[in-house]
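Okay, so here's the structure we're looking at.
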Amino acid sequence: MSDMNDNQHLSDLVLARLEDSPRQRRSRDRLRRALEAAGRLLREGGLELCSIPEVAKASDVPRAAIYRYFPDRAALLSAMAGTSMERLGAVIREALEADDAPPGRLVERAIAESARFCDEDPVTGILLFNGPFGVDDRQSHHRKSRLIVETLLPRLPPGTSAETVALTVEIAFACLRYGYFRDGHVSPGIAAQASRAALAFLGLSDPSPRA
1 MSDMNDNQHL
11 SDLVLARLED
21 SPRQRRSRDR
31 LRRALEAAGR
41 LLREGGLELC
51 SIPEVAKASD
61 VPRAAIYRYF
71 PDRAALLSAM
81 AGTSMERLGA
91 VIREALEADD
101 APPGRLVERA
111 IAESARFCDE
121 DPVTGILLFN
131 GPFGVDDRQS
141 HHRKSRLIVE
151 TLLPRLPPGT
161 SAETVALTVE
171 IAFACLRYGY
181 FRDGHVSPGI
191 AAQASRAALA
201 FLGLSDPSPR
211 A
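Just so we're aligned: 111 in full-length UniProt numbering is position 111 of the sequence shown, and the numbers increase by one with no gaps anywhere.
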């Protein structure tokens with residue numbers, strides 16, 4: 001799937017999440033164009049380029065029409081990030097629920113799916129590793145993490161606590177974030193290091209042979 005189609009999908013999902021969603025076709029079309037432009041700006045110039053004035057210019061949508069739904073840049077980024085976090089959590093849950101591998105492999109799979117998703121969807125990578133941008137965005141990150149915890153916990157050894165799994169998720173994503181900022185993407189080597197750190201914290205043996 002192309003970046004543009006990915007971003008169009010994201011824009012539709014953001015629109016669906018808005019409590020005060022626009023009802024008129026013109027308003028929905030304007031807002032969709034603005035969200036698609038925001039995604040392009042993030043991919044092309046990163047967070048520095050993605051401001052509401054720049055989004056308005058790139059989308060040919062009046063600033064007032066954007067401010068009606070997103071009062072500032074943080075609100076715009078939070079809305080996009082919230083949707084991306086839900087997508088990421090759902091992708092990981094779907095992958096793990098269809099996998100009957102032992103616990104160590106499941107942890108590796110969750111981390112590998114996270115790295116793959118962020119590398120294939122640059123906008124999600126930017127929003128995940130640069131955020132949170134505000135209270136709503138922090139809640140979205142927590143919901144993503146809770147979804148992963150709820151998926152992994154029943155498959156881990158008895159006695160493993162939800163808090164331990166939650167801290168494992170934070171450790172793994174901290175490793176992925178380090179690789180993202182160092183290299184501009186999450187390399188297989190960094191994903192492997194994230195797996196090692198997560199497995200060590202959980203007290204699980206590393207199931208993968210290392211060179």
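Glycine included, every Cβ here is placed at the ideal spot set by N, Cα and C.
**OP:** Establish whether the CB of residue 110 and some CB of chain D are separated by less than 8 Å.
**Re:** You won't find chain D in this structure, because it holds only one protein chain.
Subject >> Coarse secondary structure for residue 175, derived from DSSP in three states >> reply: Taking the first residue of the sequence shown as 1, we reach residue 175 at position 175. For residue 175, the secondary structure class from DSSP, reduced to helix, strand or coil, is helix.
**OP:** Compute the Euclidean distance between the alpha carbons of residue 91 and residue 183, then round it to the nearest angstrom.
**Re:** Position 91 of the sequence shown, counting from 1, holds the residue named residue 91. Position 183 of the sequence shown, counting from 1, holds the residue named residue 183. Rounded to the nearest angstrom, the two C-alpha atoms are 24 Å apart.
Original post:
Taking Cβ positions, are residue 199 and residue 186 nearer each other than 8 Å?
Top reply: Here residue 199 refers to the residue found at position 199 of the sequence shown. Here residue 186 refers to the residue found at position 186 of the sequence shown. In terms of Cβ geometry, residue 199 and residue 186 do not form a close pair [threshold 8 Å].
Original post:
Out of curiosity, what's the CA-to-CA distance linking residue 72 and residue 132?
Top reply: Your numbering for residue 72 matches position 72 in the sequence shown. Your numbering for residue 132 matches position 132 in the sequence shown. Answer to the nearest angstrom: the Cα atoms are 15 Å apart.
Original post:
Is residue 176 near the ligand ZN, judged by its Cβ being under 7 Å from some heavy atom?
Top reply: Judged by which ligands are present, the structure shown has none, so any question about the ligand ZN falls away.
Subject >> Identity of the residue in 99, 49, 124 and 34 nearest residue 64 by Cα >> reply: What you label residue 64 is simply residue 64 of the sequence shown in a count that begins at 1. Comparing Cα positions, the closest option is 34.
**OP:** Locate the alpha helix (DSSP H) running through residue 137, then write down its first and last residues.
**Re:** Your numbering for residue 137 matches position 137 in the sequence shown. It spans 135-152 - the alpha helix (DSSP H) in which residue 137 sits, taken as one unbroken run.
Subject >> For residue 45, the three-state DSSP class (helix, strand or coil) >> reply: Position 45 of the sequence shown, counted from the start, is the residue given in the question as residue 45. The answer is helix: DSSP assigns residue 45 an H, G or I state.
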